[in-house]
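Here the sequence shown is numbered in the working numbering, starting from 32 and rising by one per residue. Even for Gly, the Cβ is constructed at its ideal location relative to N, Cα and C. Here's the structure we're looking at; comments come further down.
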Amino acid sequence: MKILIATEKPFAKKALDGIKEILAAADYEVALLEKYTEKEELIAAVRDVDGMIVRSDKVTAEVIEAAEQLKIVVRAGAGFDNVDLKAASARGIVVMNTPGQNSNAVAELAVAMMIYMSRNRFTPGTGFELQGKTVGIHAYGNVGRLVGRKAKALGMNVIAYDPFVTDSALFENDGVEQVGSVEELYAASDFLSLHIPATEQTRKSIGYKLMMSMPKGATLVNTARKEVIDEVGLEAAMTERTDLKYVTDIAPDDVATMTAMFGNRFFATPKKMGAETAEANINAGLAAARQVVGYLRDGITKFQVNK
Ligand code: 3PG
């Protein structure tokens, strides 16, 4: 069996060593494609592989078509919107993610972004404190829950909305107030931390109306995906309401304009860095390697996302 580790944004060395060790122990051959810039490089690399470990790398229908022997793709991370599930399923290829493995890193960045924005992006002038403010968690999954816990430790009031969590005990046990609608969430949040996946339903779902409903001085914090933002609506809201702020770990398409238009009220990291910690790389990378072996050797399909 041959496994390709394809990471445009490479894993930390310790994570890579650990992945190789797990795959070598199963007697698999390992191929490595890092920091590639052209999709053709990925297409050439997949031709003879049985399995792939990727991060946000785009596993398109074209890539899947070229990978004639491919049996499994593991996305070392949470979001799998980068993998064409339809194309994979059509070929009987199993796709998995590694839920929870990089969540703490992303949650820490979300908190860091709140502090950064509340202190005027570390430029001189009077800022404000997070203590006593309300943070709304939009989607209460692995990352959302961790953001909530950290925010509580900072003395924030935490509210959350997640239509897919049916057991309200989950919120109660965390001491988090569950609100009844997305509108209610935004209207009450001084900070709104986004944790929804990019799907057909969520695409461009956050825009003018929700932003305009937020309290005075509110900040939208995006460590999820840029695709869920309606950029035109967001820009309109931030133009009309000069108190609103937007901080994101996924640069918008219109990043240059937004930087010029909104000054200290807007910040985008130069490259997505939510999961860029050694710990997250080790947790997600090693889990991915174990899941590849688990499937190819023992047929284990836990964490399959294209069932
Ligand atoms: C995820 O979905 O797990 C995060 O967005 C991290 O993505 P990355 O592995 O590309 O940093």
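Beta carbon of residue i nearer than 7 Å to that of residue j
{"i": "S244", "j": "V259", "result": "no"}
{"i": "R256", "j": "A229", "result": "yes"}
{"i": "A320", "j": "I53", "result": "yes"}
{"i": "E253", "j": "L216", "result": "It should be noted that the sequence gives Asn, not Glu, for residue 253. It is not a contact, given that the beta carbons lie outside the stated cut-off."}
{"i": "I84", "j": "A107", "result": "yes"}
{"i": "A92", "j": "D115", "result": "yes"}
{"i": "I227", "j": "V210", "result": "no"}
{"i": "T300", "j": "D285", "result": "no"}
{"i": "I34", "j": "V77", "result": "no"}
{"i": "V137", "j": "G305", "result": "yes"}
{"i": "L185", "j": "L161", "result": "yes"}
{"i": "L265", "j": "M292", "result": "no"}
{"i": "L201", "j": "S134", "result": "no"}
{"i": "K102", "j": "D81", "result": "yes"}
{"i": "Q132", "j": "A318", "result": "yes"}
{"i": "D88", "j": "A37", "result": "yes"}
{"i": "K240", "j": "D274", "result": "no"}
6 Å CB neighbourhood of residue i in its chain, flanking five on each side removed
{"i": "A218", "result": "S244"}
{"i": "V278", "result": "M144, M148, V252, F298"}
{"i": "V324", "result": "A57"}
{"i": "K164", "result": "M187, D221"}
{"i": "F213", "result": "Note that residue 213 is Val in the sequence shown here, rather than Phe. Answer for V213: Y192, listed in chain order."}
{"i": "R296", "result": "K276"}
Contact with chain D by residue i, beta-carbon distance below 7 Å
{"i": "N188", "result": "Among the protein chains of the structure shown there is no chain D, as only one such chain exists."}
Check: residue i C-beta below 6 Å from any heavy atom of the ligand 3PG
{"i": "G172", "result": "no"}
{"i": "A306", "result": "yes"}
{"i": "R176", "result": "no"}
{"i": "S149", "result": "no"}
{"i": "A37", "result": "no"}
{"i": "S87", "result": "yes"}
{"i": "M133", "result": "Reading off the sequence, residue 133 comes out as Asn, not Met. Result yes, Cβ under 6 Å from the ligand 3PG."}
{"i": "A109", "result": "yes"}
Spatial neighbours of residue i in its chain, beta-carbon cut-off 7 Å, leaving aside the 5 residues before and after
{"i": "V196", "result": "Y171"}
{"i": "A119", "result": "I95, V104, V126, N337"}
{"i": "I331", "result": "G325"}
{"i": "I124", "result": "I95, L101, K102, I103, V104"}
{"i": "A97", "result": "I74, V77, R78"}
{"i": "N312", "result": "F42, A43, A46"}
Same chain only: Cβ atoms within 8 Å of residue i, ignoring 5 sequence neighbours per side
{"i": "G179", "result": "V166, I168, Y171, V189, A191, D205, V207"}
{"i": "L140", "result": "T254, D280, M304, G305"}
{"i": "R341", "result": "A question about residue 341 goes unanswered here, because the residues of the chain that appear run from 32 up to 338."}
{"i": "P41", "result": "L47, E65, K66"}
{"i": "A55", "result": "V61"}
{"i": "F153", "result": "Y147"}
- Task: Could you tell me which uninterrupted alpha helix (DSSP H) segments, each at least 4 residues in length, are contained entirely in the segment 213-285, listed from first to last along the chain?
- Result: As far as the segment 213-285 is concerned, its whole alpha helix (DSSP H) runs of at least 4 residues are 213-219, 239-243, 262-271.
- Item | Start-end ranges of the alpha helix (DSSP H) lying completely within the segment 123-186, minimum 4 residues | Taking 4 residues as the shortest admissible run, the segment 123-186 contains the following complete alpha helix (DSSP H) segments, listed from N- to C-terminal end: 134-149, 173-184.
- Message: I'd like the ranges of any alpha helix (DSSP H) spanning at least 4 consecutive residues and lying wholly in the segment 66-134.
- Response: Considered as a whole, the segment 66-134 harbours 70-76, 92-97, 116-121 as its complete alpha helix (DSSP H) runs of no fewer than 4 residues, in chain order.
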